[in-house]
Amino acid sequence: MQDKLLEFIRKIPKSDLHVHLDGSVRIETLIDLSQKQKLALPSYTVEGLHELVFKDRYANLVAYLQGFGLTIQAMQTPENLERIGYEFAMDNINEGVCYVEARFAPQFHINDNQDIDRVLLSVSKGMNKARAEYNQRPEVKSGELPEFNYGIIACAMRSFGKGFSQFFDQLLEVHKQNSLNEVFAIASYELAKACVKTRDKCGVPIVALDLAGAEDGNPPARYKQAYHFAHQNFMNLTVHAGEAYGPESIHQAVTELYPDRIGHGFHLFAQDKITDPKIQDKEEYIRQLVQYIADRRTTIEVCLTSNLQTVPGFENIKDHPFARMLDSHLSVAICTDNRTVSKTTVTKEIMLAVQNFNLTGDALRDVILYGFKRSFYPGAYTEKREYVKKVYARFKLLEKQYLIS
11 MQDKLLEFIR
21 KIPKSDLHVH
31 LDGSVRIETL
41 IDLSQKQKLA
51 LPSYTVEGLH
61 ELVFKDRYAN
71 LVAYLQGFGL
81 TIQAMQTPEN
91 LERIGYEFAM
101 DNINEGVCYV
111 EARFAPQFHI
121 NDNQDIDRVL
131 LSVSKGMNKA
141 RAEYNQRPEV
151 KSGELPEFNY
161 GIIACAMRSF
171 GKGFSQFFDQ
181 LLEVHKQNSL
191 NEVFAIASYE
201 LAKACVKTRD
211 KCGVPIVALD
221 LAGAEDGNPP
231 ARYKQAYHFA
241 HQNFMNLTVH
251 AGEAYGPESI
261 HQAVTELYPD
271 RIGHGFHLFA
281 QDKITDPKIQ
291 DKEEYIRQLV
301 QYIADRRTTI
311 EVCLTSNLQT
321 VPGFENIKDH
331 PFARMLDSHL
341 SVAICTDNRT
351 VSKTTVTKEI
361 MLAVQNFNLT
371 GDALRDVILY
381 GFKRSFYPGA
391 YTEKREYVKK
401 VYARFKLLEK
411 QYLIS
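Numbers given in the numbering used here equal positions in the sequence shown, counted from 1, plus 10.
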């Protein structure tokens with residue numbers, strides 16, 4: 011029965027709305043690019059990097075983030091970004107993911123060889139190449155399988171320091187009279203402006219602005235100018251919130267930045283994480299917050315494996331608030347976060363949900379469809395609606411074929 015279920019999940023159309031490009035670089039490609047450019051790695055074998063860097067479990071968040079320094083250093087040329095974008099799209103296609111939103115922080119990749127236009131264009135060029143190849147397949151052209159499509163989400167960083175990237179070093183130098191918090195806000199605003207320009211001038215499908223990095227000490231209100239500008243220019247919004255900080259972080263995000271989606275939201279129900287002494291009735295505070303999110307259909311991008319690897323004290327997947335999110339009638343989408351760093355796929359994440367949260371029948375269908383309905387699809391509403399119809403038809407056909415209920 012499990013084999014049949016796994017085959018069904020492999021074949022159904024899937025989406026991934028929260029996946030970091032720099033956390034999803036093929037290890038073989040990382041080794042190849044690093045050797046060609048004489049970049050330091052702790053090992054130059056797949057087995058060695060699995061043992062030392064890309065693990066099944068991590069001691070802490072610092073260990074989890076180690077791999078990003080290695081991948082980002084290999085993502086500093088247009089050619090490398092194009093290759094990584096292409097392979098990322100093909101990896102998704104090969105497991106039945108027909109819609110994906112690749113997110114990354116473009117300002118990590120700006121240098122003397124590439125401005126932000128070139129960074130975004132290169133990633134999109136690679137992904138578009140994969141899309142064109144796949145969409146020419148007979149089974150796609152005939153309508154048997156949905157077409158592959160993608161969007162790009164640009165991440166602003168809540169904080170950074172000297173040595174993070176050439177762009178950040180220059181920004182810190184130019185604004186050395188400003189406080190660090192002011193520079194963080196400036197960087198996010200510059201990113202929002204650049205992304206709108208690149209989207210409109212170059213036709214790159216930049217579908218949303220995101221805010222990533224350490225939540226504690228970096229409140230969402232600091233980045234309001236960037237989010238307001240993006241909103242004014244018809245760009246969708248998502249925010250990492252409640253991943254490493256409590257319900258207050260999510261409250262601040264939804265009331266200060268008005269996102270369409272929330273990344274992670276792991277600590278949404280965690281009364282023990284509330285620190286504001288003014289909040290005396292913590293249960294009621296959370297009830298109202300959850301109701302607000304549910305009523306507005308603000309979708310939560312759930313990343314099961316990643317949370318298991320990074321949240322201190324969280325050791326049993328069954329303790330994940332995913333089930334409570336469903337019981338609270340929240341809109342949720344199952345995502346990978348980082349395919350390489352978390353050693354996962356969309357198929358694995360869905361199987362985790364099915365096996366541990368009794369996600370079957372209508373509930374499974376709804377979660378799969380939320381991943382498409384709540385996507386930032388780079389097209390008109392009517393185009394998105396037709397695309398979702400194709401996805402739903404394919405899902406129902408496979409559901410009947412595999413007698414899944």
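Beta carbons are placed, not taken as given, at the ideal position from N, Cα and C, and that holds for glycine.
Being a predicted model, the structure only gives us computed values, none of them experimental.
Spatial distance of residue i from residue j (CA atoms)
i           : j           : result
residue 201 : residue 357 : 33 Å
residue 65  : residue 81  : 15 Å
residue 408 : residue 25  : 16 Å
residue 144 : residue 370 : 30 Å
residue 296 : residue 392 : 36 Å
residue 306 : residue 194 : 29 Å
residue 401 : residue 183 : 49 Å
residue 406 : residue 310 : 24 Å
residue 318 : residue 276 : 10 Å
residue 366 : residue 35  : 28 Å
residue 338 : residue 155 : 33 Å
residue 327 : residue 117 : 34 Å
residue 160 : residue 203 : 21 Å
residue 124 : residue 323 : 42 Å
residue 142 : residue 293 : 50 Å
Environment of residue i [buried if 16+ CB atoms lie within 10 Å]
i           : result
residue 187 : exposed
residue 230 : buried
residue 271 : buried
residue 136 : buried
residue 383 : buried
residue 119 : buried
residue 282 : exposed
residue 347 : buried
residue 219 : buried
residue 298 : exposed
residue 390 : exposed
residue 287 : exposed
residue 114 : buried
residue 244 : exposed
Rounded Cβ spacing between residue i and residue j (contact assumed at less than 8 Å)
i           : j           : result
residue 240 : residue 273 : The pair is not a contact, with the Cβ atoms about 16 Å apart (cut-off 8 Å).
residue 233 : residue 198 : 5 Å
residue 208 : residue 122 : About 19 Å; that fails the 8 Å criterion.
residue 31  : residue 98  : 6 Å
What ranges does the beta strand (DSSP E) occupy inside the region 31 to 91, keeping only unbroken runs of at least 3 residues that lie completely in it? none
Which runs of the beta strand (DSSP E) at least 3 residues long sit entirely within the region 207 to 261? Give them in chain order. 216 to 222, 246 to 251
Decide if the region 206 to 226 is in contact with the region 174 to 190; the criterion is three or more beta carbon pairs, one per stretch, under 8 Å apart. no
Which full runs of the alpha helix (DSSP H) of 4+ residues lie inside the region 143 to 204, going along the chain? 148 to 151, 176 to 184
Taking 8 Å as the threshold, find out whether the region 105 to 120 comes into contact with the region 14 to 31 through three or more Cβ pairs. Counting Cβ pairs under 8 Å, three or more are found: they touch.
So does the region 372 to 383 actually touch the region 55 to 64, counting three or more Cβ pairs closer than 8 Å? Using a Cβ-Cβ distance cut-off of 8 Å, the region 372 to 383 and the region 55 to 64 are not in contact, since fewer than three pairs of beta carbons, one from each stretch, lie closer than that value.
Could you pull out every unbroken beta strand (DSSP E) segment of at least 3 residues lying fully inside the region 356 to 401, listed in chain order? none
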